[in-house]
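Asker: Before I ask anything, here is the structure I am working with.
Residue numbers (my numbering): 24 to 264.
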């Protein structure tokens, strides 16, 4: 599985939604979101089935991620071992009895190093995100939306929209532009399809974005990354910034 284009939230939940189909990250199992499944005298929707599958087949998203290759996790054998014990909520004394580590001080040292690794990862992610930003533009003080730094003229904006929305501004686009300035113009136009006074579920956001492009997941991520939308920590609610 290529995790590059997945969000942290998707990695944590263990599946992703693509065009109404929930895909497990760790195997080929998938469920259609509009289908209902009978399980032990009950009926579960796709989300319920995926949660059952992740528990039955992979124990949990945590355990499934922990079993990935070292090239993916960046963790040593002992670090993966310690994370498993920490996740189980074992005391330092229990970990010494049940692991390859032979002292409480060593357990605590590993705990500290993993927390340090977490802090370093946050900085690294921030650096990589900034690396993707255009280097020849600066966000000035007071800028409320990311497109302000591009100083896009109205005539240029209209030309971009006309080029991409070939069937009218209320229609769809064939491709998502890769150039930052054009992408910003497209996103600024798309956000007008959302009510500023309303909170949306991820499914509702997807339904609106499906009318723009098949890759609604990328559009949704772009709206968040460029500051046009916000979402709750659990990913359940979205709203216009």
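Just so you know, even glycine gets a beta-carbon here, dropped at the ideal spot from N, CA and C.
Computed from a prediction, not measured in an experiment: that's the story for all the values here.
(1) Cα-Cα, which of 42, 125 and 87 is closest to residue 35?
(2) Helix, strand or coil for residue 45? Go by DSSP, reduced to three states.
(3) Quick check: the Cα distance between residue 120 and residue 103, rounded to an integer number of angstroms?
(4) When you compare each of 237, 241, 223 and 234 to residue 253 by their alpha carbons, which one comes out closest?
(5) What is the C-beta distance between residue 210 and residue 246, in whole angstroms, given that I count them as a contact (C-beta under 8 Å)?
(6) Can you grab the Cα-Cα spacing for the pair residue 162 / residue 187, in whole Å?
(7) For residue 61, does the count of other Cβ atoms within 10 angstroms reach 16, so buried, or fall short, so exposed?
(8) Using only alpha-carbon positions, find the residue among 236, 206 and 256 that is nearest to residue 190.
(9) With 16 other CB atoms within 10 Å as the buried threshold, where does residue 146 fall?
(10) Can you give me the C-alpha to C-alpha distance between residue 133 and residue 198, rounded to a whole angstrom?
(11) Consult DSSP for residue 34 and reduce its assignment to one of helix, strand or coil.
(12) Could you check whether residue 206 and residue 183 sit closer than 7 Å to each other, using their CB atoms as the reference points?
(13) Between residue 37 and residue 98, is the Cβ-Cβ spacing less than 7 Å?
(14) In three-state DSSP terms, what is residue 239?
(15) Quick check: residue 228 and residue 261, are their CB atoms within less than 7 Å of each other?
(16) Between which residues of its own chain and residue 214 is the CB-CB distance below 8 Å, once the five residues before and five after are set aside?
(17) What are the boundary residues of the alpha helix (DSSP H) that includes residue 110?
(18) What number of angstroms, rounded off, separates the C-alpha of residue 31 from the C-alpha of residue 64?
(19) Quick one: Cα of residue 243 to Cα of residue 217, how far?
(20) Does the Cβ of residue 167 have 16 or more other Cβ atoms within 10 Å, making it buried, or fewer, making it exposed?
(21) Could you give the C-beta distance for residue 258 and residue 225, rounded to a whole number, given that I count them as a contact under 8 Å?
(22) By the DSSP assignment, the alpha helix (DSSP H) with residue 187 in it spans what residues?
(23) With H, G and I counted as helix, E and B as strand and the rest as coil, what does DSSP make of residue 29?
(24) Can you tell which of 26, 79, 33 and 194 has the C-alpha that lies nearest to the C-alpha of residue 256?
Answerer: Inspection of the coordinates gives the following:
(1) Per the Cα distances, 87.
(2) In the structure shown, residue 45 falls within a strand segment according to DSSP collapsed to helix, strand and coil.
(3) Rounded to the nearest angstrom, the two C-alpha atoms are 17 Å apart.
(4) In this structure, 223 is the residue among 237, 241, 223 and 234 with its C-alpha nearest to the C-alpha of residue 253.
(5) About 6 Å separates the beta carbon of residue 210 from that of residue 246, a gap short enough to meet the 8 Å contact definition.
(6) Any answer about residue 162 is weak, because its pLDDT of 37 lies below 50 and its placement is not dependable; what the coordinates show is given next. Roughly 26 Å between the two C-alpha positions.
(7) Residue 61 comes out exposed.
(8) If we check each option's Cα against that of residue 190, 236 comes out closest.
(9) Residue 146 is exposed by the Cβ-count criterion.
(10) As the crow flies, the alpha-carbon of residue 133 is around 47 Å from that of residue 198.
(11) In the structure shown, residue 34 falls within a helical segment according to DSSP collapsed to helix, strand and coil.
(12) Going by beta carbons, residue 183 and residue 206 fall outside the 7 Å limit.
(13) If you check the CB distance, residue 37 and residue 98 do not come in under 7 Å.
(14) Look at residue 239 here: in three-state DSSP terms it is helix.
(15) One thing to note: residue 228 has its Cβ within 7 Å of the Cβ of residue 261.
(16) For residue 214, same chain residues with a beta-carbon under 8 Å away, outside a window of 5 residues either side, are 246, 251, 252 and 263 in chain order.
(17) Segment 100 to 110, the alpha helix (DSSP H) holding residue 110.
(18) Distance between the alpha carbons of residue 31 and residue 64: 34 Å.
(19) Approximately 12 Å between the Cα atoms of the pair.
(20) Note that residue 167 has pLDDT 43, beneath the 50 cutoff, so the model's placement of it is unreliable and the number below is only indicative. In the assembly as shown, residue 167 is an exposed residue. Its beta-carbon has fewer than 16 other beta-carbons within 10 Å.
(21) For a cut-off of 8 Å, the C-beta gap from residue 258 to residue 225 is around 6 Å, short enough to register as a contact.
(22) Run containing residue 187: 177 to 187, per the alpha helix (DSSP H) assignment.
(23) The answer is coil: DSSP assigns residue 29 none of H, G, I, E or B.
(24) Nearest to residue 256 by alpha-carbon distance, out of 26, 79, 33 and 194, is 33.
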